[in-house]
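Novice:
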Amino acid sequence: MLLDRIVTNKRAEIENLPEVDSYPDKIDSRSERASLKESLLKENGIGIIAEIKPASPSAGVFPDSLGLDERLSSYNDHACAISVLTDSRYFGGSLELLGRVAARTDRPVLLKDFVLDRKQVALARKFGASAVLLIVKILSPALLSDLIGECQALALEPLVEINDERELAVATAAGAELILINNRNLETMVVDRGTTLALAPLLAPGQTGISASGIESPEHIEELRGAAHHFLIGSALMRSADPGALLAELKHRRYSHAPA
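Numbering (our numbering), first residue to last: 357 to 616.
#1: If we count the other Cβ atoms within 10 Å of its Cβ and call it buried at 16 or more, is Ala-511 buried or exposed?
#2: Taking the CB atoms as reference points, tell me whether Ser-430 and Glu-407 lie closer together than 7 Å.
#3: Going by other Cβ atoms of all chains shown within 10 Å of its Cβ, with 16 needed for buried, is Ala-529 buried or exposed?
#4: Would a C-beta distance cut-off of 7 Å place Pro-561 and Val-526 closer than the cut-off?
#5: Going by DSSP in three states, Pro-514 sits in which element: helix, strand or coil?
#6: Between the beta-carbon of Ser-395 and the beta-carbon of Ala-435, is there less than 7 Å?
#7: According to DSSP, simplified to helix, strand and coil, what is Glu-407?
#8: Reducing DSSP to helix, strand and coil, say where Lys-304 ends up.
#9: Per DSSP, what kind of secondary structure is Ile-571 in: helix, strand or coil?
#10: Just to confirm the assignment, what range does the alpha helix (DSSP H) spanning Ala-509 have?
#11: Over what stretch of residues does the beta strand (DSSP E) that includes Asn-538 continue unbroken?
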C-alpha cells in the first residue's frame, strides 16, 4: 500500500535527522506571521489555502512554467494561507522550498508532510512554517497528543487531518481545534467529497473545518458549501496556467449555498 511505503520511507528519513537540540535557532522571525485559524475565520466568504506541490503520486510531476515568485504573487492576492508539500520522494518538495515560500509571503504557511516525530516539528518552525499538518491515520492517539503539544510549545498551529468519524473522535480527544477533512482515503486513494458533507456537521463547537482533495472547480465548492467554506486546493492550482484567475473564480463566485 502506498501509504505504508510513504511512512516507511519517512521513518528512514527521520533516523538521519539531527536531534531537536541541534536546532538552537529553530524559532526565527519568519515564523511570527498571521495565525492560520484567525486568517480562516476572518474570511466572510470562501477561505482558500492554496497549495504548492511539485508532484504527487497520483498526478506525477506538475509542469510549472510560472516560477515560484509569480505563483506566490497570485496566491498572495487571493488565498488566506499557503500550504507547502515538503516530502521529497513522493511529492518533490523540500524544507528549502518551505523556507523560500515563507520568506516571500505574509500569509500563514502550512507545512504539509507525513509528520511522525518532534524533530520534524522543530524543522517546520526553523524553516518558517506557522502551522503543521498531523495525520490521524498514521499516528497513535498518544503520539498525536504529543505532537500537538510540541507544536503548541513552538507557537505552531496543529492542523489535524481526518477521514472518518473514528479519526474525528481521536482528533477531538487530543484537543484539535483545526480539522482538515481529507476527501481522499489515504489507504485506498479514493476521493469522495461526500466525506466533507458527512463529517463537517459533526465538528465540535470551537473546531474549524477545512475540506481538502477533489476540489477543482466552483461546482465542487457549490456542492460542499452547505457544510464548509474553508478549502485546501492543490492539484487544480498546480495544473492551471493561470492559478490567480482560478483562485479568483473559486473565491468570488456567487454561491447559492451557505455553510450550515
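Every residue gets a Cβ at the ideal spot worked out from N, C-alpha and C, and that includes glycine.
This one's a predicted model, so the numbers in the text were calculated from it and none came from an experiment.
Specialist: Here's the rundown:
#1: In the sequence shown, residue 511 corresponds to position 155, counting from 1. The residue in question, Ala-511, is exposed, as its Cβ has fewer than 16 Cβ neighbours within 10 Å.
#2: As a working mapping, residue 430 is identified with position 74 in the sequence shown. As a working mapping, residue 407 is identified with position 51 in the sequence shown. Against a cut-off of 7 Å, the Cβ pair of Glu-407 and Ser-430 comes out as no contact.
#3: Stepping through the sequence shown from its first residue, residue 529 is reached at position 173. Ala-529 should be labelled exposed.
#4: Walking along the sequence shown from the start, residue 561 turns up at place 205. Walking along the sequence shown from the start, residue 526 turns up at place 170. The answer is no: Cβ separation not under 7 Å.
#5: By 1-based counting over the sequence shown, the position of residue 514 is 158. Residue state, collapsed to three classes: strand.
#6: Indexing the sequence shown from 1 puts residue 395 at position 39. Indexing the sequence shown from 1 puts residue 435 at position 79. No, the pair does not count as a contact, with Cβ atoms beyond the cut-off.
#7: Within the sequence shown, the letter at position 51 stands for residue 407. Three-state result, Glu-407: strand.
#8: Because the chain is modelled from 357 through 616, residue 304 falls outside the range shown and cannot be assessed.
#9: The residue labelled residue 571 in the question sits at position 215 within the sequence shown. DSSP places Ile-571 in coil when its eight states are reduced to three.
#10: If you number the sequence shown from 1, residue 509 lands on position 153. Note, Ala-509: alpha helix (DSSP H), 497-509.
#11: Position 182 of the sequence shown holds residue 538. Asn-538 -> beta strand (DSSP E) spans 534-538.
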